[in-house]
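Colleague: Quick mapping for you: the protein sequence lines, in order, are chains H and X.
If you're matching positions, the first sequence starts at 10 in my numbering and goes up one per residue.
If you're matching positions, the second sequence starts at 10 in my numbering and goes up one per residue.
Submitted below is the structure of interest, expressed as structure tokens.
Protein chains: 2
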Amino acid sequence: MSNNQQNETHAHKWGYKDTHMVLQADRSVKMTGDRYELSGLEMPEFVPFLEEMLEIRIDPADIKVEQAEKPVAEPVVNEAFCRAIQQAFPATQYTLDPQARLIHSHGQATGDEIYRILYTKLERSADLIFYCETEADAIQLINLAKAHNVCLVPYGGGTSVSSALKLPAHEKRMIVSVDMRRMNQIEWIDKENLRACVQAGITGSELEAQLAKVGFVCGHEPDSIELSTLGGWIATNASGMKKNRYGNIEDIVENVTLVTPMGVLEQVEAMPRVAMGMQPQKLLFGNEGNLGLITKAVIRIHPLPAVKQYGSIVFPTFKAGTEFLYELMRAGIAPASVRLVDNFQFRFGSALRPRATFMKAAMNKLQKSYLLHVKQFDPYQLAAATIVMEGAVDEVKYQAQQIYKLAQKYGGIAGGEGHGKRGYMLTYAIAYIRDFLLQYHVIGETFETTVPWSKIQTLCDAVARQVDEQHLAYKLPGKPYISYRITQCYHSGVCIYFTFGFYVKGIEQPDEILRQIEHTLRQVIMDTGGSISHHHGVGKLRKDFMAQTLSPASIDLLKQTKQAIDPQNIFGIRNNIFAEE
Amino acid sequence: MSNNQQNETHAHKWGYKDTHMVLQADRSVKMTGDRYELSGLEMPEFVPFLEEMLEIRIDPADIKVEQAEKPVAEPVVNEAFCRAIQQAFPATQYTLDPQARLIHSHGQATGDEIYRILYTKLERSADLIFYCETEADAIQLINLAKAHNVCLVPYGGGTSVSSALKLPAHEKRMIVSVDMRRMNQIEWIDKENLRACVQAGITGSELEAQLAKVGFVCGHEPDSIELSTLGGWIATNASGMKKNRYGNIEDIVENVTLVTPMGVLEQVEAMPRVAMGMQPQKLLFGNEGNLGLITKAVIRIHPLPAVKQYGSIVFPTFKAGTEFLYELMRAGIAPASVRLVDNFQFRFGSALRPRATFMKAAMNKLQKSYLLHVKQFDPYQLAAATIVMEGAVDEVKYQAQQIYKLAQKYGGIAGGEGHGKRGYMLTYAIAYIRDFLLQYHVIGETFETTVPWSKIQTLCDAVARQVDEQHLAYKLPGKPYISYRITQCYHSGVCIYFTFGFYVKGIEQPDEILRQIEHTLRQVIMDTGGSISHHHGVGKLRKDFMAQTLSPASIDLLKQTKQAIDPQNIFGIRNNIFAEE
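Below, the structure written as structure tokens:
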């Protein structure tokens, strides 16, 4: 990310400064800026929908105002280390600026991080920010940190939602946040073998922009693509929306360079597939900052697809949609992306519709009438799939034809390209809603899991039920909101992505309640056959579930691996099994 | 593998006892038994082809007879350990039988192993064979080995060709070969989520037979599928011919259970895809027996495909065929398997044709005439692809149509289903040729590599040139044979599989020469951009190339990983970076 781009983003909240949601006098919501499909549009149905769902009344005048001056403690300063840094690097590469220190002291987890930075106080903040510009910088910095016993924390896009960037409260050493985003160059592109060597601090948007200039695409599209970095994707074991075509991060990356206190971990050559014995780099995915600095990776790239086509399908029920997905995954026609939203999320998406023109309103009504009256879909049961197809002309044509044919078998009705594109693009704009709602006393979070096909409904129902029970137990006002979508399909299961929220007006420490409910929900997820995480990672938020995830010896092995790579615990971010009690 | 099945296999040579090649009085070669497509057939052109290629004359009377009594040293016996074994296990679970000890003391590498066992002497043999029947056995055995300082060596199908089963000459401790093949049960099948939990000692043929009974297939088809085991596939990081549809072993396996001296390494639940932080099991692929005993794995299974269709395409040149493959991989129509043989291997395959009936001979001639005269293909340049398509009716139909359309663009001519099936099936029968030829003084080996698309031809040419040079340097008789095929295609490159051989009549220590040439060729491969191995692994044969494969810190990390898991070096097979100097 260029410095310019960094100046364009909110200091603490999600996304770009030019974009936020505003509640207008007529109770419609407007998205500022011109960055997204929703930008500049007025959405009259959003607030009424929320009020209906949460059984609350949003009062435009009753705003929970964030603190203007965010508290930041005096930095812990290791004088000798600072002198060494001053001697080794120009002043442009480090700063003690309090604002920069605060920005680098959290990710985007709502309870642990965003609520605290806006309304209370972070437990620990970074003491110095170091801007890494080269691999040599990374090596030298680590050597200095070893010599002076300083704690280093890799920092990429800052979009973690697992509290992986939350700094350990009990860390006594100086904490240096190592911002990798100046390492944002594509070092080389091998057009014939379709790979590129890319510096790890590049953001998804920069990567795709640079590749597109020469006719290529990487295709990794996590929801955070605008801000998150290649290094962050590897450290988190990220997944992209188009993984059916382009793969998840572990499929995309052919070689990782991780600079650690024990030296540089990498393969000598990137290779499509090898039997070289154990491959250390396979272990580096999901390291969550515990081992070192990822400086670059060799990734797979693709020629820009000839065709990119959106689509949507409405199903009578979520179950019918799930059965469609199950068969789709075995029919050799999986599109780049296919997602299925439940009824609540479908209605949520509909509520984000802009004020319609007369013609549009008429068309919408017609469509709705067809679904509800002709096809007799229950508006409180139907679910919708959005589809993105990419590839050669014939390939996409064949996919589209087969997909719609299959959808019919499960009662699906094609909903048109417009809805498909809108559904896909909504992902980016939706991310701003959390921060909009927080000021009106609605606190919310998203979380995800992997689950085998056969357990999808049981798990979703159990989570929804538990949300109700928790809401009751904490005596929270109104009703809670919970919805889910299937975002990724695999051979043996899917990724489910939940969105939940509740009204917290008058409630003490809602962040703490959010965290406790989230913890309870994760236990429900694991008890009903779900995984600890599909792509958000473990960080600190989910550390308690590692013993239900890995055998004791596996955990012991990871501890010894850490000991081998970083015996001084220079990379002391303490995520996952290394978290503080 | 049932005991029955084990009694059916050659003690030391490749494959089943009922199958071997016999040189007949009329100089045709006949394959015995009825196991393969070639079985029972006479091949009149094989010996003439070899004689032409190698510029030799094969004398049916001049046979290099293997030693009837294979020397086996007295076992090293750790009395206390043996007493403990006797107390803990029934006598059916272990043996000191010299024949069993010899069988378990080698794999199938020609120079290091087969030549030695047939004609000279293995450096070290196993002292005791233990037949592991349960996971509890594995745990108990390892505990006894730790208590008494005994060396354990996991043994699966015995098909390793990387000298991974070669026992360390300097091992002073008692060596116990742990035969895993009694653990050959499918523990459960989850039909809805398409997975099965399978014991690691099951062979590929047993696995597929059991799955087929209930309508499923795993689809992992390495050349060794009849004999090799699930555990062996994981330990080697194996690849199957149909990986485009079913994946390589690392794609197929969702959970591995590895019993080690430090405990049981596994995930609590198999999962389609997770972000759980670092995943120790990702490191276990390719462990080459250095860490413990793989007892079971959860694997992906698929409903038996509705259609299985073979195909073949003849291209004017290998280059044209390669260009076809390159485009095929990006067109979304990759068939389950596609392989491309070079001209020498095409002619080799043709030489294995059975004596044709009058009609068949006429047809062959007609086809040949069409290719050579009408299409003006150069018979000394053309190359051939064999294809296997599997899937739903529509899927295969679409694939076939698109594939043949694309082939035309590169001058390819469809060669018919018969040739395709024959080419695919030949793989299994061809494996017997090595042992047939060895007795007529022809020594040969296969080896493979991964290479980026752009370097395919350079690498193949460099290897072929070096074979000639080596042949000259060692003053070997006749001419060497070298041919290659592309067996797997990936996004950024392919697997090349070489076959080479030479006549060694009158040459001292031909096994040593073979090994030295192979070593030189591997260096050429690595110098021209190839990998240490695509799927055979490193074992001891390729240990010298690890420093060109992994960074020093990566190697150090693996050493410390071994130290953490197995500090006593109980699993002392010493493969890969743990090999003796």
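Glycine included, every Cβ here is placed at the ideal spot set by N, Cα and C.
(1) Note the first and the last residue of the continuous alpha helix (DSSP H) segment covering H/V283.
(2) Chain X partners of H/R309, CB-CB under 7 Å?
(3) Report all residues from its chain with a CB closer than 8 Å to the CB of H/L435; omit the five preceding and five following residues, and keep chain order.
(4) Could you check the C-alpha separation between H/Q194 and H/V207 for me, to the nearest Å?
(5) Cβ closer than 8 Å: which chain X residues qualify as neighbours of H/N202?
(6) X/V277 versus chain H: which residues are under 8 Å apart at the beta carbon?
(7) In three-state DSSP terms, what is H/M30?
(8) Please name the residue or residues paired with H/G510 in a DSSP beta bridge.
(9) How is X/G272 classed by DSSP in three states: helix, strand or coil?
(10) Just list the residues that DSSP pairs H/E399 with in beta bridges.
(11) At what residue ranges does the stretch 324–367 of chain H contain a whole run of the alpha helix (DSSP H), taking only runs of 4 or more?
(12) Check whether chain X comes within 7 Å of H/E144, counting only Cβ atoms and requiring the distance to be less than that.
(13) Have a look at H/A393 and X/Q390 and give me their C-alpha separation to the nearest angstrom.
(14) Could you check which residue in X/D188, X/E527 and X/K384 has the C-alpha nearest to that of X/E302?
(15) Quick check on the DSSP output: the alpha helix (DSSP H) that includes X/C469 runs from which residue to which?
(16) Under 7 Å Cβ to Cβ from X/R191, same chain only, skipping five residues before and after it: list those, please.
(17) If we ignore side chains and look at the alpha-carbon of each, how far apart do X/Y449 and H/V405 end up?
(18) What three-state label does DSSP hand X/K568 in the structure shown?
(19) Going by the beta-carbon positions, is the gap between H/V283 and X/T459 smaller than 7 Å?
(20) Would you say H/R443 and H/G453 are within 7 Å of each other, going by their C-beta atoms?
(21) Which chain X residues sit within Cβ distance under 8 Å of H/P281?
(22) Is the stretch 115–123 of chain H touching the stretch 522–534 of chain H, taking contact as three or more C-beta pairs under 8 Å?
(23) Against chain X, which members of the stretch 534–549 of chain H pass a CB distance test of less than 8 Å?
(24) Any beta carbon from chain H within less than 7 Å of X/H19's own beta carbon?
(25) Hey, does X/P289 have any beta-carbon neighbour from chain H nearer than 7 Å?
(26) Evaluate X/W197 with the Cβ neighbour count: other Cβ atoms within 10 Å of its Cβ, from every protein chain shown; 16 or more gives buried, anything less gives exposed.
(27) Taking 7 Å as the CB-CB cut-off, is H/Y493 touching chain X?
(28) Determine, for H/A340, whether the minimum Cβ-Cβ distance to residues of chain X falls below 7 Å.
(29) At a CB-CB cut-off below 7 Å, which residues of chain X make contact with H/V273?
(30) Who pairs with X/Y164 in a beta bridge, going by DSSP?
(31) Measure the alpha-carbon distance for X/P325 versus H/F587 and round it to whole angstroms.
(32) Answer yes or no: does any C-beta atom of chain H fall closer than 7 Å to that of X/Q569?
(33) Is the stretch 44–63 of chain H in contact with the stretch 159–167 of chain H, if contact means three or more CB pairs nearer than 8 Å?
(34) Roughly how many angstroms separate the alpha carbons of X/P80 and X/A93, rounded to a whole number?
(35) Return the chain-ordered list of same chain residues with a C-beta closer than 8 Å to the C-beta of X/H21, the five sequence neighbours on each side being excluded.
(36) Quick one: residues in its chain with C-beta nearer than 7 Å to the C-beta of X/R214, no 5 flanking neighbours on either side, listed in chain order?
Modeller: Inspection of the coordinates gives the following:
(1) The count along the first sequence starts at 1 and reaches residue 283 of chain H at position 274. Run containing H/V283: none; DSSP gives neither H nor E here.
(2) As a first step, residue 309 of chain H is located in the first sequence; it is residue number 300 there, counting from the start. H500 and S501, listed in chain order.
(3) The sequence position of residue 435 of chain H within the first sequence is 426, counting from 1. Cβ neighbours of H/L435 beyond the five flanking positions: E46, L47, G358 and L361.
(4) Counting from 1 along the first sequence, the entry for residue 194 of chain H is found at position 185. Counting from 1 along the first sequence, the entry for residue 207 of chain H is found at position 198. C-alpha separation (whole angstroms): 6 Å.
(5) Stepping through the first sequence from its first residue, residue 202 of chain H is reached at position 193. Under the 8 Å cutoff, chain X gives P461, W462, S463, S501 and G502.
(6) On the second sequence, position 268 is the one that residue 277 of chain X refers to. Within chain H, the residues near X/V277 are Q557, T558, L559 and S560.
(7) For the purposes of this step, residue 30 of chain H is taken as the residue at position 21 of the first sequence. Secondary structure at H/M30: strand, using DSSP grouped into helix, strand and coil.
(8) For this step, residue 510 of chain H is matched to residue 501 along the first sequence. Per DSSP, the beta-bridge partners of H/G510 are H/G453 and H/Y490.
(9) Translated into positions along the second sequence, residue 272 of chain X becomes position 263. Correct three-state label for X/G272: strand.
(10) Counting from one through the first sequence, the residue named residue 399 of chain H turns up at place 390. Residue pairing from DSSP places H/E399 in a beta bridge opposite H/K317.
(11) Listed in chain order, the complete alpha helix (DSSP H) runs (minimum 4 residues) inside the stretch 324–367 of chain H are 327–337 and 352–360.
(12) Taking the first residue of the first sequence as 1, we reach residue 144 of chain H at position 135. Closer than 7 Å: no.
(13) Within the first sequence, the letter at position 384 stands for residue 393 of chain H. Within the second sequence, the letter at position 381 stands for residue 390 of chain X. Distance between the alpha carbons of H/A393 and X/Q390 is about 55 Å.
(14) For the purposes of this step, residue 302 of chain X is identified with residue 293 of the second sequence, where counting begins at 1. Checking the sequence shown, residue 302 of chain X turns out to be Leu, not Glu. It is X/D188 whose Cα lies nearest to the Cα of X/L302.
(15) Here residue 469 of chain X corresponds to residue number 460 of the second sequence, with the count starting at 1. Run containing X/C469: I465 to A482, per the alpha helix (DSSP H) assignment.
(16) As a working note, residue 191 of chain X is residue 182 in the second sequence. When the five nearest sequence neighbours on each side are left out, the beta carbons in the same chain lying within less than 7 Å of the beta carbon of X/R191 are those of Y140, C141, E142 and G210, in order along the chain.
(17) To locate residue 449 of chain X, count along the second sequence from 1; it is residue 440. To locate residue 405 of chain H, count along the first sequence from 1; it is residue 396. Going by the C-alpha atoms only, they are around 56 Å apart.
(18) As a position in the second sequence, residue 568 of chain X is number 559, starting the count at 1. Helix at X/K568.
(19) On the first sequence, position 274 is the one that residue 283 of chain H refers to. On the second sequence, position 450 is the one that residue 459 of chain X refers to. It is a contact, given that the beta carbons lie within the stated cut-off.
(20) On the first sequence, position 434 is the one that residue 443 of chain H refers to. On the first sequence, position 444 is the one that residue 453 of chain H refers to. Yes, they are a contact pair.
(21) Within the first sequence, numbered from 1, the residue matching residue 281 of chain H stands at position 272. Contacts between H/P281 and chain X, judged by CB atoms closer than 8 Å, involve T459, P461, Y499, H500, S501, G502 and V503 in chain order.
(22) Verdict: yes, contact present.
(23) Within the stretch 534–549 of chain H, the qualifying residues are G538, S540, I541, S542, H543, H544, H545, G546 and V547.
(24) Your numbering for residue 19 of chain X matches position 10 in the second sequence. So no, X/H19 is outside the interface.
(25) Mapped onto the second sequence, residue 289 of chain X falls at position 280. The beta carbon of X/P289 sits closer than 7 Å to some beta carbon of chain H.
(26) As a first step, residue 197 of chain X must be located in the second sequence, where it is residue number 188. Around the CB of X/W197, fewer than 16 other CB atoms lie within 10 Å, so the residue is classed as exposed.
(27) Position 484 of the first sequence, counting from 1, holds the residue named residue 493 of chain H. Taking Cβ atoms only, chain X never reaches closer than 7 Å to H/Y493, which makes this a no.
(28) To locate residue 340 of chain H, count along the first sequence from 1; it is residue 331. It does; some Cβ of chain X falls within 7 Å.
(29) Walking along the first sequence from the start, residue 273 of chain H turns up at place 264. Taking the beta carbon of H/V273 as reference, the chain X residues within 7 Å of it are S560 and A562, listed in sequence order.
(30) Counting from 1 along the second sequence, the entry for residue 164 of chain X is found at position 155. According to DSSP, X/Y164 bridges with X/D188.
(31) Your numbering for residue 325 of chain X matches position 316 in the second sequence. Your numbering for residue 587 of chain H matches position 578 in the first sequence. Cα-Cα distance, rounded: 59 Å.
(32) Within the second sequence, numbered from 1, the residue matching residue 569 of chain X stands at position 560. Proximity of X/Q569 to chain H, defined by a Cβ-Cβ separation below 7 Å, is satisfied.
(33) These segments do not touch.
(34) In the second sequence, residue 80 of chain X corresponds to position 71, counting from 1. In the second sequence, residue 93 of chain X corresponds to position 84, counting from 1. Their backbone Cα atoms lie some 29 Å apart in a straight line.
(35) By one-based count along the second sequence, residue 21 of chain X stands at place 12. Around X/H21: K79, L111, I112, H115, I123, I126 and L127.
(36) For the purposes of this step, residue 214 of chain X is identified with residue 205 of the second sequence, where counting begins at 1. Residue 214 of chain X is actually Ser in this sequence, not Arg. For X/S214, where only same-chain residues beyond five positions count, the Cβ hits under 7 Å are I234 and E235.
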